[in-house]
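Visitor: Mind the numbering: the sequence shown is residues 161 to 521 in this note's numbering, read in order.
Glycine included, every Cβ here is placed at the ideal spot set by N, Cα and C.
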Amino acid sequence: MDVALIGLASSGKTSLLKALAAGHLPAHANPNEPAVAVVKVPDERLDKLATLVAAKKTTYLELRLLDFPSFSVGKKGPPPQLLGVLSTADLLVHVVHAFNDASVPHPLESVDPTRDIAALDLELCFADLAIVERRLERLAAEMRSTAAGARGAQERERELLNRLKDALENEKSLRTIGLTADEEALLAGFNLISAKPMLIVLNIDEADAGRAAEIEAEARQQYAAPQTSVIALPVKAEADVAELPPEDAAEFRKELGLPEVAAAERLLQEAVSLLGLIAFYTAGPQDTHAWSVPAGTPAVKAAGRIHSDIERGFIRAEVIGWQEMLDAGSHAEAKRRGTMRIEGKTYEVQDGDVINVLFNV
Ligand SMILES: Nc1nc2c(ncn2[C@@H]2O[C@H](COP(=O)(O)OP(=O)(O)OP(=O)(O)O)[C@@H](O)[C@H]2O)c(=O)[nH]1
Ligand SMILES: [Mg+2]
Numbered sequence: 161m162d163v164a165l166i167g168l169a170s171s172g173k174t175s176l177l178k179a180l181a182a183g184h185l186p187a188h189a190n191p192n193e194p195a196v197a198v199v200k201v202p203d204e205r206l207d208k209l210a211t212l213v214a215a216k217k218t219t220y221l222e223l224r225l226l227d228f229p230s231f232s233v234g235k236k237g238p239p240p241q242l243l244g245v246l247s248t249a250d251l252l253v254h255v256v257h258a259f260n261d262a263s264v265p266h267p268l269e270s271v272d273p274t275r276d277i278a279a280l281d282l283e284l285c286f287a288d289l290a291i292v293e294r295r296l297e298r299l300a301a302e303m304r305s306t307a308a309g310a311r312g313a314q315e316r317e318r319e320l321l322n323r324l325k326d327a328l329e330n331e332k333s334l335r336t337i338g339l340t341a342d343e344e345a346l347l348a349g350f351n352l353i354s355a356k357p358m359l360i361v362l363n364i365d366e367a368d369a370g371r372a373a374e375i376e377a378e379a380r381q382q383y384a385a386p387q388t389s390v391i392a393l394p395v396k397a398e399a400d401v402a403e404l405p406p407e408d409a410a411e412f413r414k415e416l417g418l419p420e421v422a423a424a425e426r427l428l429q430e431a432v433s434l435l436g437l438i439a440f441y442t443a444g445p446q447d448t449h450a451w452s453v454p455a456g457t458p459a460v461k462a463a464g465r466i467h468s469d470i471e472r473g474f475i476r477a478e479v480i481g482w483q484e485m486l487d488a489g490s491h492a493e494a495k496r497r498g499t500m501r502i503e504g505k506t507y508e509v510q511d512g513d514v515i516n517v518l519f520n521v
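(1) For ligand 1, any of its heavy atoms closer than 7 angstroms to the Cβ of Thr274?
(2) For a quick check, are the C-beta atoms of Leu243 and Ala279 less than 8 angstroms apart?
(3) Excluding the five sequence neighbours on either side, which residues of its own chain have a C-beta within less than 7 angstroms of the C-beta of Thr174, listed in chain order?
(4) Mind checking whether Val517 and Ile466 have CB atoms under 8 angstroms apart?
(5) With DSSP collapsed to three states, give me the class of Lys235.
(6) Near ligand 2, which residues have their beta-carbon less than 5 angstroms from any of its heavy atoms, given in chain order?
(7) Taking just the CA atoms, how far does Asp250 sit from Pro458?
(8) State yes or no: is the C-beta of Asp511 within less than 8 angstroms of the C-beta of Ile391?
(9) Does the count of Cβ pairs from the region 357-373 and the region 292-309 closer than 8 angstroms reach three?
(10) Would you kindly check if the distance between the Cβ of Val292 and the Cβ of Leu328 is under 8 angstroms?
(11) Measuring CA to CA, which of Arg224, Pro229 and Lys200 is closest to Asn218?
(12) Candidates Asn520, Gly444, Leu435 and Val521: which alpha carbon is nearest Val253's?
(13) Report the partner residues of Pro227 according to the DSSP bridge assignment.
(14) Spatial neighbours of Leu362 within its chain, please: CB distance less than 8 angstroms, with the 5 preceding and 5 following residues excluded, ordered by chain position.
(15) Are the Cβ atoms of Ala397 and Leu418 separated by less than 8 angstroms?
(16) Out of Ala373, Arg497, Leu165 and Thr506, which one is the CA nearest neighbour of Thr248?
Here is the structure:
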């Protein structure tokens, strides 16, 4: 899954990437292309399971983070080549300049997160509007050359596109208008950017680190919208701490007044949830492994994430919640206690399930 970090110049995108990639930044050759870092999603549940079974290897969920060069807010919006790459991202992270530091001036000369958030949304709406209008024109031409009785699908598409056009003209991002799964599937090929889930990261002053939770709670109310979430954190301080060896980090976090849980952990977990994904686990002594699937995935499909053979030969799954697994201490004890269930192909996998698939190929 690709997560695009976007925002105004000097808003803290690259610093956020440093904070999330624990100081390890990828080499970045071309300033017109995003820098890419693959990061593991920290997961305490997985760590505990791995310890329980004394796993040789622990495999975390991974996200690809794309750090985009900044684009200017203005009449023209983001340059087309950038929109092209952006359109393939699964989640947008908007890094918003909310800190006050005279040595890092805001490109618009004043700090105003609400303005910046609205401006970016508006640019994405404009970009999508152009796509929708172009498609409507082409569709009209296609409909003229289709027999009147055979225009059902086209009419449905036109109706949907007109709804999108309406929303976009009213400056409403498509992620907020409640598209159904069918509608989303129909639109998948258009790569509409304002339809992607959005995580707003308020890059606040280091001096406000102690008030981050409060600022965040307020902002969450202010910017509440479907498929949209907000996190407030002092990005530069988080980036500095991420470069320290783990044994020093905890102490520095305390000194700087940063919350105990690193921003990386909270932010990446929030990203997973905005992507509509849940995690399930396989807890083996060779490899204790976190897997992501869309919420609502049946066990047989989830098994396919592990291996296509396991999907094909699926017989049944032994399922237990991660906490019950830890409480029991072993698969055998979980079975004895009856906390391990047997589930079939259609069982909807739940976040935190530990699964052992019995299969036959
Ligand atoms: N004081 C302060 N400075 C920050 C903060 N976040 C970023 N900076 C500084 O702002 C400058 C720009 O930060 P970057 O992370 O490079 O910003 P960017 O969004 O990647 O910038 P571009 O790639 O040029 O668009 C750096 O000097 C950072 O140290 C912050 O929270 N507080
Ligand atoms: Mg940068």
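Guide: Taking the geometry as given:
(1) Outside the cutoff, so no.
(2) In this structure, Leu243 keeps its C-beta atom at 8 angstroms or more from the C-beta atom of Ala279.
(3) In chain order, Asp227 place their CB closer than 7 angstroms to the CB of Thr174, counting only its own chain and leaving out the 5 sequence neighbours on each side.
(4) With contacts defined as CB atoms closer than 8 angstroms, Val517 and Ile466 qualify as a contacting pair.
(5) Summary for Lys235: the model assigns pLDDT 47, below 50, so the residue's position carries little reliability, and this model does not support an answer.
(6) So the residues near ligand 2 by this Cβ test are Lys173 and Thr174.
(7) Pro458 and Asp250: Cα-Cα distance of roughly 22 angstroms.
(8) At least 8 angstroms separates the beta-carbon of Asp511 from that of Ile391.
(9) In this structure the region 357-373 does not touch the region 292-309; the number of beta carbon pairs closer than 8 angstroms is below three.
(10) Between Leu328 and Val292, the C-beta spacing is below 8 angstroms.
(11) Reading the sequence as shown, one finds Thr at residue 218 and not Asn. Residue Lys200 is the option with its Cα nearest to Thr218.
(12) Residue Leu435 is the option with its Cα nearest to Val253.
(13) Checking the sequence shown, residue 227 turns out to be Asp, not Pro. Bridge partners of Asp227: Leu165 and Ala195.
(14) For Leu362, same chain residues with a beta-carbon under 8 angstroms away, outside a window of 5 residues either side, are Val256, Ala258, Pro273, Ile375, Glu376, Ala379, Val390, Ile391, Ala392 and Leu393 in chain order.
(15) With contacts defined as CB atoms closer than 8 angstroms, Ala397 and Leu418 qualify as a contacting pair.
(16) Its Cα nearest to that of Thr248, the residue Leu165 stands out among Ala373, Arg497, Leu165 and Thr506.
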